[in-house]
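Asker:
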Amino acid sequence: MVRQAGEDASEQKVIDDIATHGWHGVHIGPDEEGPGYAFTIGAGHSFGQPELLIMGLPRAMAHQILDVALDAVRSGAITDFTATTDALFEGHPCAFVRVPVEQYRNYIGYARWYYQGDDFTLYQIVWPSRDGHFPWQAQASAQYVESQPLLGPAPLAA
36 MVRQAGEDAS
46 EQKVIDDIAT
56 HGWHGVHIGP
66 DEEGPGYAFT
76 IGAGHSFGQP
86 ELLIMGLPRA
96 MAHQILDVAL
106 DAVRSGAITD
116 FTATTDALFE
126 GHPCAFVRVP
136 VEQYRNYIGY
146 ARWYYQGDDF
156 TLYQIVWPSR
166 DGHFPWQAQA
176 SAQYVESQPL
186 LGPAPLAA
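Each residue of the sequence shown is one higher than the last, beginning at 36 in our numbering.
Spelled out as structure tokens, the structure:
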């Protein structure tokens, strides 16, 4: 069961965006605890697809990638979240990490509010370094790894 109305203007904007566009994007800026990140709310309800989160990118870029990712998922270009895909970054693969429910409280409170709990799926989109490495690979630089902490276990297929 999802929320049908908000108690203030920001909550109502979430509801209205989902009703109009199928999803709402939230961006959390960087702070002393870690890099900024953005996530979707409503993809599960509107499209029957997982919610998505991406870390370490500026607000506009993160929102654009989430939009492209949701379009790719809805069109069937992405169906397997255990495999890498070139559908999001031209010429560069990205991977997905399933985020454990235990992490939801730390990162996506607004999505938990909308869904009235944790009964939805969330994947982190993991983008490659300029050298084409992922954070779990030994060749990845420390700065790159810090810019994109993994919220779940590294995928086996990537």
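The beta carbon of each residue, even a glycine, is placed where N, CA and C say it ideally should be. Just so you know, these numbers come straight off a predicted model, no measurement behind them.
Grouping DSSP H, G and I as helix and E and B as strand, with all else coil, what is GLY57?
Answerer: coil
Asker: Using the rule of at least 16 other Cβ atoms within 10 Å of the residue's Cβ for burial, across every protein chain shown, is MET96 buried or exposed?
Answerer: Burial call: exposed.
Asker: In angstroms with no decimal places, state the Cα-to-Cα distance between ILE50 and TYR179.
Answerer: 35 Å
Asker: Whole angstroms are fine: how far does the CA of VAL161 sit from the CA of GLN174?
Answerer: 16 Å
Asker: Determine whether the beta carbon atoms of ILE113 and SER81 lie at a separation below 9 Å.
Answerer: no
Asker: Roughly how many angstroms separate the alpha carbons of PHE131 and GLY41, rounded to a whole number?
Answerer: Rounded to whole angstroms, PHE131 to GLY41 spans 31 Å at the Cα level.
Asker: 9 Å is my cut-off, CB to CB: does SER176 come that close to chain E?
Answerer: Of the protein chains in this structure there is only one, and it is not chain E.
Asker: Whose CA, out of GLN47, ILE89, ILE100, ALA118, lies closest to the CA of GLU125?
Answerer: Answer by Cα proximity: ILE100.
Asker: Ends of the beta strand (DSSP E) at LEU123?
Answerer: 120 to 124
Asker: In terms of alpha-carbon separation, which member of ALA146, GLY64, ARG133, TYR139 lies closest to PRO188?
Answerer: ARG133
Asker: Exposed or buried, which one is PRO85 when buried takes at least 16 other CB atoms within 10 Å?
Answerer: buried
Asker: Give me the residue from PHE74, HIS168, THR120 with the minimum Cα distance to HIS98.
Answerer: PHE74
Asker: Which residues in the same chain as GLY64 place their Cβ atom closer than 7 Å to its Cβ, once the five residues preceding and following it in sequence are excluded?
Answerer: Cβ contact annotation for GLY64 (same chain, cutoff 7 Å, sequence separation greater than five): GLY71, in chain order.
Asker: Rounded to the nearest angstrom, what separates ILE76 and CYS129 at their Cα positions?
Answerer: 21 Å
Asker: Is LEU92 buried or exposed, if buried means 16 or more other CB atoms sit within 10 Å of its CB?
Answerer: Buried: at least 16 other Cβ atoms inside 10 Å.
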